[in-house]
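First residue of the sequence shown: 14, per my numbering; consecutive thereafter.
Just so you know, even glycine gets a beta-carbon here, dropped at the ideal spot from N, CA and C.
Remember, predicted model here, so these are calculated numbers, not experimental data.
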Amino acid sequence: MQSGWRVGSILGIPLYLDTSWFVIVLLVTFVYGSNPTWQQNWGNGAWLVGLSMALLLFGSVLLHELGHSLVAKSQGIKVNSITLFLFGGIAAIDQESKTPGQAFQVAIAGPAVSLGLYMLLTLSVNLLALPAPMAVLFANVAQINLVLTVFNLIPGLPLDGGQVLKAAVWKATDSRIKGVRWAARTGQILGWTAVGGGLLAYLAQPSLDLIWIVLIGGFAIRNASNYGRVADLQETLSELTAADAMARDFRVLDANLSLREFADEYLLQSTQAPVYLAASDGRYRGVVKIEDVRDVERSQWEQQTLMDIARPLTTVTNVRETTSLAEVIMLLEQQELSRLLVLTPADAVAGVIDRGEVVRALGKKMNLSISDNAIQRIKDEGEYPPGLKLPALAKSLQE
């Protein structure tokens with residue numbers, strides 16, 4: 014769910030303001046508006062220049078994110094939103110680029126826009142006869158855009174330089190996951206360096222600027238770690254198949270059982286198997302759907318059998334034991350299914366797979382402790398836990 018306030022849209026992309034954005038706007042306005050030189054030259058007008066400084070700063074950030082977004086859209090990738098917050102902005106892009114070259118184009122577009130703004134504003138100051146407040150304002154915003162360009166090109170996630178590094182490693186190794194992992198590790202190293210260096214420098218000589226470096230370092234560590242976890246999940250998804258996640262959570266019944274007997278002996282029980290299969294003469298005859306039973310007039314329940322309503326296995330959405338787990342997730346989401354049958358090469362039922370079993374298999378593979386209660390909640394609610402965006406990760410593996 015998108016946080017913050019929606020304030021409109023730009024080129025069809027929703028624009029949001031996070032609560033922290035208002036804090037930084039007030040801070041920038043105060044820092045620049047209270048500048049003694051500005052106060053001496055422009056009096057109370059210095060506060061208006063300070064506010065303009067803050068707004069132009071975030072206007073620059075917005076254009077930076079639009080650079081990323083428009084290049085992504087040109088590649089057919091949906092951009093869900095742009096959000097401005099404490100540390101700048103972020104474009105929520107629906108999926109990754111399909112090739113390392115396209116990924117590089119998306120990554121470099123933001124810094125290219127910031128560099129272009131620096132050059133444009135610098136030329137305006139040097140070539141145009143601007144009023145003094147505007148000239149000072151443009152010069153400061155130009156310098157900030159230059160810093161933004163250089164800072165974002167630092168080669169570590171979540172910065173744009175990290176995305177460039179990811180694209181380079183992806184190109185060299187032919188593995189997007191390796192690219193993400195390398196760039197994430199670099200981002201973590203740089204983040205810890207910023208935190209450690211900032212704290213040591215602050216202890217030597219306290220300064221608000223140094224605390225800001227520590228905060229940015231912490232932000233980098235957290236986000237780089239998130240990218241690392243995403244890479245781990247993607248790698249695990251690529252290694253697992255339906256056979257690794259399926260459970261034998263089904264019950265085989267005599268196909269000659271009447272619908273009345275089926276209802277009395279099984280549907281009225283307090284505990285039910287999620288999938289019922291009809292079989293006779295040692296062969297599966299099909300899947301028994303509860304809704305098919307309900308569609309039959311109760312007066313006919315004595316005469317009709319499970320054989321009459323069973324759906325052949327091959328007509329029901331299914332996967333094979335060797336189907337990748339990423340493909341299983343995509344089928345569950347695209348067709349809005351609660352579970353899937355897993356079939357053997359001989360069209361026999363090997364098992365049943367649902368979202369809970371998917372998460373269980375991932376947890377086992379990654380040595381994560383996931384309780385049975387948590388798995389059951391996933392089964393009951395039919396949704397993945399918050400933050401576990403498996404459909405998006407699976408989709409990226411299918412591209």
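{"query": "Taking the beta strand (DSSP E) that serine 94 belongs to, which residues open and close that run?", "result": "92-98"}
{"query": "State the Cα-Cα distance for the pair glycine 46 and valine 126, rounded to the nearest angstrom.", "result": "27 angstroms"}
{"query": "Taking the alpha helix (DSSP H) that valine 288 falls in, what are its first and last residues?", "result": "No alpha helix (DSSP H) contains valine 288, which is instead part of the beta strand (DSSP E) from 288-293."}
{"query": "Please classify isoleucine 383: does DSSP put it in a helix, a strand, or coil?", "result": "coil"}
{"query": "Only counting the same chain, and skipping five residues up and downstream in sequence, which positions put a Cβ closer than 8 angstroms to that of glutamine 389?", "result": "Gly369"}
{"query": "For the alpha helix (DSSP H) that contains valine 126, what are its first and last residues?", "result": "113-140"}
{"query": "Is it buried or exposed for proline 124, if we count other Cβ within 10 angstroms and need 16 for buried?", "result": "buried"}
{"query": "For the putative contact between valine 44 and tryptophan 55, defined by C-beta atoms under 8 angstroms, what is the C-beta separation to the nearest angstrom?", "result": "No, valine 44 and tryptophan 55 are not in contact; Cβ-Cβ is about 16 angstroms, not under 8 angstroms."}
{"query": "At the level of alpha carbons, what is the spacing between valine 309 and alanine 323?", "result": "12 angstroms"}
{"query": "Considering only the alpha carbon of each residue, which of Asn331, Met343, Asn158 and Ile202 lies closest to leucine 134?", "result": "Asn158"}
{"query": "Can you name the start and end residues of the beta strand (DSSP E) that aspartate 10 belongs to?", "result": "Given that the chain is displayed from residue 14 to residue 412, the structure contains no residue 10 and the question cannot be resolved."}
{"query": "Roughly how many whole angstroms lie between the Cα atoms of leucine 213 and isoleucine 106?", "result": "37 angstroms"}
{"query": "Considering proline 27, what are the terminal residues of the beta strand (DSSP E) in which it resides?", "result": "26-30"}
{"query": "Quick check: the Cα distance between tyrosine 428 and glutamine 218, rounded to an integer number of angstroms?", "result": "Given a span of 14 to 412 for the chain in the structure shown, any question on residue 428 remains unanswerable."}
{"query": "Three or more beta-carbon pairs under 8 angstroms between the stretch 110-121 and the stretch 171-186, yes or no?", "result": "yes"}
{"query": "In whole angstroms, give me the CA-to-CA distance for isoleucine 342 and threonine 336.", "result": "11 angstroms"}
{"query": "Note the first and the last residue of the continuous alpha helix (DSSP H) segment covering alanine 105.", "result": "Alanine 105 -> not in any alpha helix (DSSP H); beta strand (DSSP E) instead, spanning 101-106."}
{"query": "Taking the beta carbon of aspartate 294 as the centre, do at least 16 other beta carbons fall within 10 Å, making it buried, or is it exposed?", "result": "exposed"}
{"query": "With 16 other CB atoms within 10 Å as the buried threshold, where does asparagine 165 fall?", "result": "buried"}
{"query": "Check whether the Cβ atoms of leucine 381 and isoleucine 366 sit closer than 7 angstroms, and answer yes or no.", "result": "no"}
{"query": "Note down, in chain order, each residue of its chain lying with its Cβ closer than 7 angstroms to the Cβ of serine 22, except the 5 sequence neighbours on either side.", "result": "Leu28"}
{"query": "Could you have a look at methionine 14 and say whether DSSP puts it in helix, strand or coil?", "result": "The pLDDT assigned to methionine 14 is 48, lower than 50, so where the model puts this residue is not dependable; a value taken from the coordinates is nonetheless given after this. Methionine 14: coil per DSSP, three-state reduction."}
{"query": "Quick one: using the 10 Å Cβ neighbour count with 16 as the cut-off for buried, is asparagine 236 buried or exposed?", "result": "buried"}
{"query": "I'd like to know if the stretch 395-408 and the stretch 245-258 are in contact, where contact means that at least 3 CB-CB pairs between them fall below 8 angstroms.", "result": "yes"}
{"query": "Just to confirm my understanding: we take arginine 189, look at its own chain, exclude 5 residues before and 5 after, and list those with CB closer than 6 angstroms. What are they?", "result": "Trp183"}
{"query": "Please determine whether the Cβ atom of isoleucine 366 lies at a distance below 6 angstroms from any heavy atom of the ligand FAD.", "result": "Judged by which ligands are present, the structure shown has none, so any question about the ligand FAD falls away."}
{"query": "Would you kindly report the start and end of the unbroken alpha helix (DSSP H) that includes glycine 56?", "result": "Per DSSP, glycine 56 belongs to no alpha helix (DSSP H) and is neither H nor E."}
{"query": "Would you mind reading off the limits of the alpha helix (DSSP H) that contains isoleucine 157?", "result": "145-165"}
{"query": "Pick out whichever of Arg194, Val288 and Ala258 has its Cα sitting closest to the Cα of serine 416.", "result": "Because the chain spans 14 through 412 in this model, residue 416 falls outside it and cannot be assessed."}
{"query": "Going by DSSP in three states, serine 337 sits in which element: helix, strand or coil?", "result": "strand"}
{"query": "Is leucine 290 near valine 306, with beta carbons less than 7 angstroms apart?", "result": "no"}
{"query": "Note down, one range per segment and in chain order, each alpha helix (DSSP H) of at least 4 residues found wholly within the stretch 161-197.", "result": "173-186"}
{"query": "For the alpha helix (DSSP H) that valine 372 lies in, which residues bound it at each end?", "result": "368-378"}
{"query": "Across which residues does DSSP place tyrosine 297 in a beta bridge pair?", "result": "Ala292"}
{"query": "Between Ser220, Gly169 and Asp173, which lies nearest to glutamine 201 when the distance is taken from Cα to Cα?", "result": "Gly169"}
{"query": "For the beta strand (DSSP E) holding arginine 352, just list the boundary residues, first then last.", "result": "352-356"}
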